[in-house]
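See structure below.
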Amino acid sequence: MKGFREYLALSDLVQIAILVVLTVTAIFIYSQAAILRRNYGFEIIRDLRDDTSAMHRELFAPNSLYERLRDGPCDTEGPDPVEIRFLTRSIFDHYRLYQTAARQSMITETEWHEACRVGRALIRENCALERFWASDMAPADDPEFTEEFNAC
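Residue 154 is where the sequence shown starts when you use the working numbering, and the numbers rise one by one after that.
Structure representation (structure tokens):
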């Protein structure tokens with residue numbers, strides 16, 4: 154009978170050891186997940202800023218759609234509405250990514266508002282885009298974002 158008691162005692166120690174190992178493993182995995190999440194956030198922000206630089210280079214390249222629209226006449230007919238819609242939508246969607254990053258605390262509210270001001274200025278300084286944005290054709294699928302974007 155003594156052997157059975159020793160077996161139970163050993164079994165309790167084994168169970169406690171297993172619980173300790175599992176607890177330490179869970180803490181380690183959680184800490185690694187936090188590190189990965191933070192690094193992933195930094196990667197997203199770096200990509201977002203690289204994309205912004207690339208977008209701005211593309212916008213201001215010689216003979217780009219943006220430049221042609223900005224330099225073109227701002228009469229009632231204006232340029233092709235499909236091109237305007239595409240360009241405005243591209244700017245809008247790009248800066249919506251900044252808002253998403255701010256909501257997920259990947260960037261600060263100050264960085265979001267600065268990015269928003271830049272995006273809004275891109276539209277304001279181009280009369281064709283500004284006219285489009287003010288029309289009923291502006292992106293309406295995210296009214297909250299549109300309101301914030303207009304408030305910049």
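The beta-carbon is built from N, C-alpha and C at its ideal position, and this holds for glycine as well. It should be emphasised that the depicted structure is a prediction, and the values quoted were computed from it without experimental measurement.
What separation, rounded to the nearest whole angstrom, lies between the Cα atoms of residue i and residue j?
i, j, result
"leucine 175", "glutamine 185", "15 Å"
"threonine 263", "valine 167", "54 Å"
"histidine 209", "leucine 222", "15 Å"
"glycine 272", "isoleucine 180", "42 Å"
"glutamate 196", "serine 164", "47 Å"
"serine 206", "glutamate 283", "22 Å"
"asparagine 216", "alanine 274", "20 Å"
"cysteine 269", "valine 235", "24 Å"
"glutamate 220", "isoleucine 244", "14 Å"
"glutamate 267", "glutamate 211", "20 Å"
"leucine 218", "serine 258", "33 Å"
"valine 177", "arginine 256", "32 Å"
Name the residue from the options whose alpha carbon lies nearest to the alpha carbon of residue i.
i, options, result
"aspartate 330", "His247, Leu275, Asn216 and Arg273", "For the chain, the structure presents residues 154 to 305; residue 330 sits outside this window and is missing."
"phenylalanine 239", "Asn216, Glu262, Gln252 and Ala281", "Ala281"
"isoleucine 276", "Leu172, Arg242, Ser164 and Arg202", "Arg242"
"phenylalanine 285", "Ala179, Ala274 and Ile237", "Ile237"
"glutamine 252", "Glu211, Tyr183, Ile198 and Val173", "Ile198"
"leucine 201", "His266, Ile260, Arg273 and Arg270", "Ile260"
"alanine 254", "Glu211, Cys269 and Trp265", "Trp265"
Quick one: using the 10 Å Cβ neighbour count with 16 as the cut-off for buried, is residue i buried or exposed?
i, result
"arginine 279", "Checking the sequence shown, residue 279 turns out to be asparagine, not arginine. Counting Cβ neighbours within 10 Å, asparagine 279 comes out buried, since at least 16 surround it."
"alanine 170", "exposed"
"phenylalanine 213", "exposed"
"valine 173", "exposed"
"tyrosine 183", "exposed"
"arginine 249", "buried"
"isoleucine 188", "exposed"
Could you pull the start and end residues of the alpha helix (DSSP H) that residue i belongs to?
i, result
"threonine 263", "262-277"
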